[in-house]
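> My numbering puts the first residue of the sequence shown at 268, with every later residue one more than the last. There's a structure below that I have some questions on.
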Amino acid sequence: MKNLKRKKSPKLSPGTRKEIKEMFNSGNHKPKEIADYIGCSIHQVNAVIYGKVKMKSAVRSDKGTKRHPEQSEGTQPNDRENISLIEMLQTSLHEAVKDLKTRTYAPDVKLTLIQKASALLKNLEALELQSHMKGMNAELMMRIMLRLQPELELDEIKKIYLEEYEKLKSNVEL
Numbered sequence: 268m269k270n271l272k273r274k275k276s277p278k279l280s281p282g283t284r285k286e287i288k289e290m291f292n293s294g295n296h297k298p299k300e301i302a303d304y305i306g307c308s309i310h311q312v313n314a315v316i317y318g319k320v321k322m323k324s325a326v327r328s329d330k331g332t333k334r335h336p337e338q339s340e341g342t343q344p345n346d347r348e349n350i351s352l353i354e355m356l357q358t359s360l361h362e363a364v365k366d367l368k369t370r371t372y373a374p375d376v377k378l379t380l381i382q383k384a385s386a387l388l389k390n391l392e393a394l395e396l397q398s399h400m401k402g403m404n405a406e407l408m409m410r411i412m413l414r415l416q417p418e419l420e421l422d423e424i425k426k427i428y429l430e431e432y433e434k435l436k437s438n439v440e441l
């Protein structure tokens with residue numbers, strides 16, 4: 268009985284791939300002849316000829332790159348992104364509060380949802396404060412103010428910032 272298992276083609280080394288490419292580019296050999304000479308399949312030869320495989324053992328330049336690189340930790344979103352994020356958070360917070368009012372939940376579930384909503388509110392207030400300050404060190408300044416006076420509310424921090432900003436603006440104009 269004949270063995271029906273398909274014969275596997277050998278893996279091509281970078282040197283063999285280079286040899287295939289050179290033989291084809293010389294114009295003297297057809298892909299079928301190259302495949303017979305090298306001892307591989309015609310599909311492997313075509314893949315090398317038409318650039319479907321990398322020629323060197325290094326990583327291909329067109330593979331492994333992200334189309335939209337993640338935003339690094341050090342960079343802040345610009346104002347437009349920040350405003351849309353604030354609007355999205357406000358909308359989701361309002362929807363969550365409406366949902367809490369209209370639906371009936373088990374007490375423990377309702378408590379966790381309220382805690383999550385309050386955390387979302389704190390994040391929203393911090394983002395609004397940062398967008399008002401529009402500085403690279405806005406969060407740092409807010410933390411310093413809270414360390415000096417922990418009882419300060421975010422609204423008071425905003426108010427202090429706007430007052431100082433106006434004073435600074437009027438001094439610069441002189």
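Note that beta-carbon positions come from the ideal geometry of N, C-alpha and C, so glycine has one too.
Leaving out the 5 sequence neighbours to the left and right, which residues in its chain are closer than 7 Å to V320 when beta-carbon positions are compared?
R284, A314
> Which term fits I411, buried or exposed, when burial requires 16 or more other beta carbons within 10 angstroms of its beta carbon?
exposed
> Start and end of the alpha helix (DSSP H) containing H296?
Careful: H296 lies outside any alpha helix (DSSP H) and carries neither H nor E.
> Kindly give me the distance between the Cβ atoms of S316 and I287, rounded to whole angstroms, as I take these residues to be in contact under 8 Å.
According to the sequence displayed, residue 316 carries Ile and not Ser. Contact flag correct, Cβ pair sits at about 7 Å.
> Count the other CB atoms, across all protein chains shown, that sit within 10 Å of the CB of L378; report buried if there are 16 or more and exposed otherwise.
exposed
> DSSP on L367, reduced to helix/strand/coil?
helix
> By the three-class DSSP mapping on this structure, what secondary structure does S398 have?
Helix at S398.
> Report the option in L413, S308, P281 whose CA atom is closest to the CA atom of K275.
Taking the Cα of K275 as reference, the smallest distance to any Cα among L413, S308, P281 is reached at S308.
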